[in-house]
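Reviewing the structure listed below.
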Amino acid sequence: MAHRLLVRRIWTLPAKEIRCLPASTATITSSSFSTSLQSATTRVSFLSPSRTLPRVLPHTSRREVSFNVQDHEDFTERVINSELPVLIDFHAQWCGPCKILGPRLEKAVAKQKGRVAMAKVDIDDHTDLAIEYGVSAVPTVIAMRGGDVVDHFVGIKDDDELDSFVSKIIGQ
């Protein structure tokens, strides 16, 4: 377990920091992996200054279908000020129906290919938002467009009902 944590820590270090490690640190780090399949010399070369690591991992510019709301400021920025219509899924970790509805709702939003966003709000973490929007039961889904609530529902819906709800929100 400690080996995995140490590997994860080293792996996530920026390239600049790895090149700045003193030789003694590289030797200590490599000798602590005695159960590893690689030899100590291979591991030392991983940490040596001659090896260059990529600065930035390549990524696609894919827009996320859904996101977790972090705090009230994040909610204001990504939901209320959003140019897209946003479905807000108020849920809780302990809620069985929420675990069923969440993936179904994400699937319905994904079918719209970027014409609608989905925010997930855990009511235990963000009680203030739940109170502000009158959430008294979970799962509750609220649709917002331009910062205004345009529709909502409470409970589980089947896939066809979710598709029609999302289509109605984006104006189809």
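Here the sequence shown stands for residues 527 to 698, where the numbers follow my numbering.
All C-beta atoms, glycine included, are put in the ideal place defined by N, C-alpha and C.
Rounded straight-line distance, which links the Cα of residue j to that of residue i
i: F593; j: M644; result: 6 angstroms
i: S690; j: V612; result: 15 angstroms
i: V664; j: V635; result: 19 angstroms
i: G672; j: E599; result: 16 angstroms
i: E632; j: I695; result: 15 angstroms
i: V676; j: M670; result: 6 angstroms
Three-way DSSP call (helix, strand, coil) for residue i in this model
i: R641; result: coil
i: I649; result: coil
i: D674; result: strand
i: V605; result: helix
i: P611; result: coil
i: V661; result: coil
Which residues DSSP lists as bridging residue i, in chain order
i: T666; result: F616, V680
i: S701; result: Beyond the ends of the chain as shown, which are 527 and 698, falls residue 701; an answer cannot be given.
Are at least three pairs of beta-carbons, each pair with one atom in the region 651-659 and one in the region 679-698, less than 8 angstroms apart?
Of all C-beta pairs linking the region 651-659 to the region 679-698, fewer than three are shorter than 8 angstroms, placing the two stretches out of contact.
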